[in-house]
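Q: Residue numbers (the working numbering): 37 to 507. Handing you a structure now.
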Amino acid sequence: MARRAWQELRPALIRAAGSPLALARREEAVVQRLLGLAQAQPGADPERLAQRASLLDLAGRHAEAQALLQGLGELPAGLRAAVSLLTHMVRCHVLWEEDRNARSEARGGMVPVEILSPEVPPAELRRRFLEPGVPCVLRGCPEVAPRWGPLELKKLLGDQQVPTRRCEESSGSWARLEFVQAQKFKDFCEAHIEPFKDGAAPRESPQLFDFSIWQHCADTLGRQVSMPSQWFPVDLYTYAGARIQPVSGSAGPTLFLAPKGSGSSLHVDTLQTHFWMAMCHGRKRWRLVSRDDISLLHPMYLADLNPVFPADLNALEETSPGRVKVHEVVLEPGDLIFVPAGWPHQVDNLETSVAVSANFIDPSNLQRALDEADLLALVEEEAQLLGDALRKAEVTRLLEEAAPNEPLRVFKARHGETRAPQEIQRRLLQAVGIAALSFGGLCLAACWPLIERPAEKKPPARQPSLSALRV
């Protein structure tokens, strides 16, 4: 009920109004269409009023939408849940608008991300960076993964099917990434990586983005991956994901391979997760904006809690230079970046690059993740399951002590995943096959007595001889 009510209250209205990016950019034609749709919602029926508020919010009239939502009376359960999520979105839009208006002077510019030695004590890293939510880079840290290049990965993955994505400037999707196709890894390399050894590919070139090593290549790449457990020992996201998806398993760590010139647009990682990325090959330019300055990027919630931004940081540098403080660093092989929960970021591949990464939740961002999961749980069952699993993970008080460079399988086992997803799937298929054979045998045994056996053939009657016939 709540999911259906939400579809009618937000996604259906977005489809009727125009493209998500045009909505985020407040294009005049789209705004006028939204206002026209809002005026076409007659009567004082609560559902109609809620839809009108949603349309006004999408049109940028957040205060009007907020006032309209506050005046709603008793609502059916499903609609009440959907309106609660909409009310949160509208409140955020109002607060962001107020924050922008209160900042009359530019206070931006480029700020370098602090670079640390891998000898930094874990307690200091937590105190100065994880808990307050500040990005940093560990330079020259012990290898999370080998210094894989495209050729090494091509030998290891070969015929492995991988999904490719590209960054499209006209897209309103998360990070403006759109699915291209699934293809063999070697075909992807030959078509989109190898031709650009000596030059830059177009920005919209296909790339391998966030491909799960644990789910798809635990026996190949996974055996060579170590988790940075000395700095990030606990991952409640892995613990929770393994419990709500016991067959497919948790996703992290993941693999990135992208040609020079490609990238991803401005985005915030889902569910208020922290993020780390270890560089194996090439160089990436990272630009980040504090979650305290997110209002200056004019974010907008459309169908979920992943904000859509009307412009990326390249466009903002041209139209509003110095308006937003941007934290910047270039990652090189051996670097590991920590990205705090809620920080918008944009990545450009300065060279063909290979990296390994993971999103994670630990005590420093658990409450932020729970708050977002609870909001999404109003209209999504999976978010409710994830929130419940996170709370259970918190109660278990997973041990934070871990060996440096913990092997991937040891890390996963410590968080409740003793087998890789492909192993679980193989065992399930074997069990299904054995069960099918057993069932077939039982059926045959039960039916065998009922099968009519063919009658025994009698020998042909002997014909009397001619002598016997003579009288």
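The beta carbon of each residue, even a glycine, is placed where N, CA and C say it ideally should be. In this text the structure is predicted, and so the values were computed from the model without any measurement.
On a CA-only basis, which of Met263, Glu179, Asp195 is nearest His317? Give me that one, please.
A: When each option's Cα is compared against that of His317, the closest is Glu179.
Q: Cα separation between Glu133 and Glu160?
A: Between Glu133 and Glu160, the C-alpha separation is close to 36 Å.
Q: Just curious, the alpha helix (DSSP H) that Gly72 is in, first and last residue?
A: Here the alpha helix (DSSP H) through Gly72 covers 64-75.
Q: Give the straight-line distance between the Cα atoms of Glu459 and Asp271, rounded to the nearest whole angstrom.
A: Approximately 22 Å, taken between the alpha carbons.
Q: Classify Lys448 as buried or exposed, calling it buried when 16 or more other Cβ atoms lie within 10 Å of its own Cβ.
A: That one is buried.
Q: Can you tell me whether Thr388 is buried or exposed? The criterion is at least 16 other CB atoms within 10 Å of its CB, across all chains shown.
A: Thr388 is buried by the Cβ-count criterion.
Q: Within its chain, find whatever has a CB closer than 8 Å to the CB of Arg506; leave out the 5 residues flanking it on each side and keep chain order.
A: Annotation note: pLDDT 43 at Arg506 (below 50); position unreliable, coordinate value reported separately. None.
Q: Would you check if the distance between the CB atom of Gly378 and the CB atom of Val304 is smaller than 8 Å?
A: In contact: Gly378 and Val304 (Cβ atoms closer than 8 Å).
Q: Would you be able to state if there are at least three C-beta pairs under 8 Å between the region 386-406 and the region 356-365?
A: As far as the Cβ criterion goes, the region 356-365 does not touch the region 386-406, which means the pair count is below three.
Q: Can you round the beta-carbon distance between Ser265 and Ala278 to whole angstroms, since I take them to be within the 8 Å contact cut?
A: Not really, about 17 Å apart at Cβ, beyond 8 Å.
Q: Identify which residue in Gly423, Val415, His129, Arg164 has its Cα closest to the Cα of Ile330.
A: The shortest Cα separation from Ile330 among Gly423, Val415, His129, Arg164 belongs to His129.
Q: Keeping to the same chain, check which residues put their C-beta closer than 7 Å to that of Arg46; ignore five residues upstream and five downstream.
A: Ser90, Leu122, Ala339, listed in sequence order.
Q: With burial defined as no fewer than 16 other Cβ atoms inside 10 Å of the residue's Cβ, what is the status of Met37: buried or exposed?
A: Counting Cβ neighbours within 10 Å, Met37 comes out exposed, since fewer than 16 surround it.
Q: Are the region 95-103 and the region 307-327 touching, with three or more C-beta to C-beta distances below 8 Å?
A: The region 95-103, when compared against the region 307-327, does not touch it at the 8 Å Cβ threshold.
Q: Measure the C-alpha to C-alpha separation of Cys31 and Ala394 and round it to an integer number of angstroms.
A: Outside the displayed range of the chain (37 to 507) lies residue 31, so it cannot be described from this structure.
Q: Here's a check: name, in chain order, each residue in its chain whose Cβ is nearer than 7 Å to the Cβ of Ala508, leaving out the five neighbours to either side.
A: Beyond the ends of the chain as shown, which are 37 and 507, falls residue 508; an answer cannot be given.
Q: Would you check if the region 75-94 and the region 105-125 touch, i.e. whether three or more CB-CB distances between them fall below 8 Å?
A: With the cut-off at 8 Å, the region 105-125 and the region 75-94 touch.
Q: Starting from Gly277 and walking both ways along the alpha helix (DSSP H), at which residues does that stretch end?
A: Run containing Gly277: 272-280, per the alpha helix (DSSP H) assignment.
Q: Is it buried or exposed for Leu333, if we count other Cβ within 10 angstroms and need 16 for buried?
A: It is buried - the Cβ of Leu333 has at least 16 other Cβ atoms within 10 Å.
Q: To the nearest angstrom, how far is it from the Cα of Ala314 to the Cα of Glu155?
A: When rounded, the distance between both Cα atoms is 16 Å.
Q: Would you kindly report the start and end of the unbroken alpha helix (DSSP H) that includes Lys233?
A: That residue, Lys233, is in no alpha helix (DSSP H); it is neither H nor E in DSSP.
Q: Does Ser153 pass the burial test, meaning 16 or more other C-beta atoms within 10 Å, or should it be called exposed?
A: So Ser153 counts as exposed.
Q: Any idea if Gly526 is buried or exposed, counting beta-carbon neighbours within 10 angstroms, 16 or more meaning buried?
A: What is shown of the chain runs 37 to 507, which leaves residue 526 out entirely.
Q: First and last residue of the alpha helix (DSSP H) that includes Phe447?
A: Where Phe447 is concerned, the enclosing alpha helix (DSSP H) stretches over 444-450.
Q: Could you please give me the residues that DSSP links to Gly208 through a beta bridge?
A: The partner list for Gly208 (beta bridge, DSSP) is empty, contrary to what the question assumes.
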